[in-house]
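Worksheet: the structure to be examined is printed underneath.
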Amino acid sequence: MIERVFLTAAIVLTVLMILSLVRVVGGPTILDRILGGNVIGSKTTILLLLIGLLFEDLGMFVDIALAYALLNFIATLGATKFFLRRRHVFLDELESEPIHKEAP
Amino acid sequence: MNYLAALFIGLGLFFFAVGTIGILRFPDFYTRLHAAGKCDSLASLLVIAGILCHLWQDFSLASLLVGGKILLIAAFVFVASPTATHAITEAALVLGVKPWERTRKRKA
Numbered sequence: 024m025i026e027r028v029f030l031t032a033a034i035v036l037t038v039l040m041i042l043s044l045v046r047v048v049g050g051p052t053i054l055d056r057i058l059g060g061n062v063i064g065s066k067t068t069i070l071l072l073l074i075g076l077l078f079e080d081l082g083m084f085v086d087i088a089l090a091y092a093l094l095n096f097i098a099t100l101g102a103t104k105f106f107l108r109r110r111h112v113f114l115d116e117l118e119s120e121p122i123h124k125e126a127p
Numbered sequence: 002m003n004y005l006a007a008l009f010i011g012l013g014l015f016f017f018a019v020g021t022i023g024i025l026r027f028p029d030f031y032t033r034l035h036a037a038g039k040c041d042s043l044a045s046l047l048v049i050a051g052i053l054c055h056l057w058q059d060f061s062l063a064s065l066l067v068g069g070k071i072l073l074i075a076a077f078v079f080v081a082s083p084t085a086t087h088a089i090t091e092a093a094l095v096l097g098v099k100p101w102e103r104t105r106k107r108k109a
């Protein structure tokens, strides 16, 4: 009975990840895409734990989930730092009200 | 104990769904960030609590070790999720993403 709960939870999580992918594909700014990727990553961490429970091998999948959580965090921080450094990449994407700064 | 696990997992799925609806429906980047940052950490903790309720029914050394690792994931999520949200917010503020205002005319 509890396995059905885990299976249903895993399926619902997958559907929610696909819904979050809408924000990644069609987000107005690059930061929206980074946010969507972060959300999908945190859902994937939980999904890996549920998959480990379903296959009755949680001892292996918990390590994968831990590594995935670390990687997701580092990837978000890295992407954010990158777009802070390269502002012109971001400004090309921003359609509404671009910032006009004086030339240095 | 199984019912407790199912309750926790159901509550966690509810908060995941609310966060996803917020990400899809809110009008502005900052409000979307609010929905994502709050709902995800709470929902992750609830689902992890449900998994631990199921896991620690039979108490052995192996399940204790695996449960410790899962608690480590929970602790890391509680540190990392606000930090990532803060970093994205700082980038948005520096890059000049404008907050949404009700008085401004909508495009469509």
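As given, the protein sequences belong to chains A and B, one line each in that order.
Residue numbers 24 to 127, in the numbering used here, belong to the letters of the first sequence in order.
Residue numbers 2 to 109, in the numbering used here, belong to the letters of the second sequence in order.
All residues carry an ideal CB built from backbone N, CA and C; glycine is no exception.
These figures come from a predicted structure and were not determined experimentally.
Pairwise C-alpha distance: residue j and residue i
i: residue 119/A; j: residue 100/A; result: Summary for residue 119/A: the model assigns pLDDT 49, below 50, so the residue's position carries little reliability; its value from the coordinates is reported in the next sentence. Approximately 25 Å, taken between the alpha carbons.
i: residue 1/B; j: residue 62/A; result: No information on residue 1/B is available, as it lies outside the stretch 2 to 109 that chain B covers here.
i: residue 3/A; j: residue 80/B; result: Outside the displayed range of chain A (24 to 127) lies residue 3/A, so it cannot be described from this structure.
i: residue 97/A; j: residue 25/A; result: 34 Å
i: residue 50/B; j: residue 6/B; result: 7 Å
i: residue 123/A; j: residue 48/A; result: Because the pLDDT of residue 123/A is 47, which lies under 50, any placement of that residue in the model is unreliable, and the number read from its coordinates should be weighed accordingly. Cα to Cα, the separation comes out at about 27 Å.
i: residue 46/B; j: residue 104/A; result: 27 Å
i: residue 40/A; j: residue 61/B; result: 34 Å
i: residue 72/B; j: residue 58/B; result: 16 Å
i: residue 11/B; j: residue 48/B; result: 8 Å
i: residue 94/B; j: residue 31/B; result: 10 Å
Endpoints, the alpha helix (DSSP H) within which residue i is located
i: residue 99/B; result: Looking at the DSSP string, residue 99/B is not in any alpha helix (DSSP H), and its letter there is neither H nor E.
i: residue 26/A; result: 25–49
i: residue 83/A; result: 81–108
i: residue 45/B; result: 30–56
i: residue 60/B; result: It is not in any alpha helix (DSSP H) - residue 60/B carries neither H nor E in the DSSP assignment.
i: residue 52/A; result: Looking at the DSSP string, residue 52/A is not in any alpha helix (DSSP H), and its letter there is neither H nor E.
i: residue 17/B; result: 3–26
Best match in the options for proximity to residue i [C-alpha to C-alpha]
i: residue 63/B; options: 89/A, 82/A, 58/A; result: 82/A
i: residue 88/A; options: 66/A, 48/A, 37/A, 24/A; result: 66/A
i: residue 78/B; options: 71/A, 93/A, 102/A; result: 93/A
i: residue 54/B; options: 43/B, 42/B, 68/B; result: 68/B
i: residue 30/A; options: 73/A, 79/A, 95/A, 109/A; result: 73/A
- Item | Stretch-stretch touch, CB-based, cutoff 8 Å, three pairs: the stretch 85–99 of chain B with the stretch 29–43 of chain B | When Cβ pairs closer than 8 Å are counted between the two stretches, the stretch 85–99 of chain B is seen to touch the stretch 29–43 of chain B, the count reaching three or more.
- Task: Tell me, please, whether the stretch 17–35 of chain B touches the stretch 30–41 of chain A by the rule of three or more beta-carbon pairs shorter than 8 Å.
- Result: In short, these stretches touch, since the Cβ pair count reaches three.
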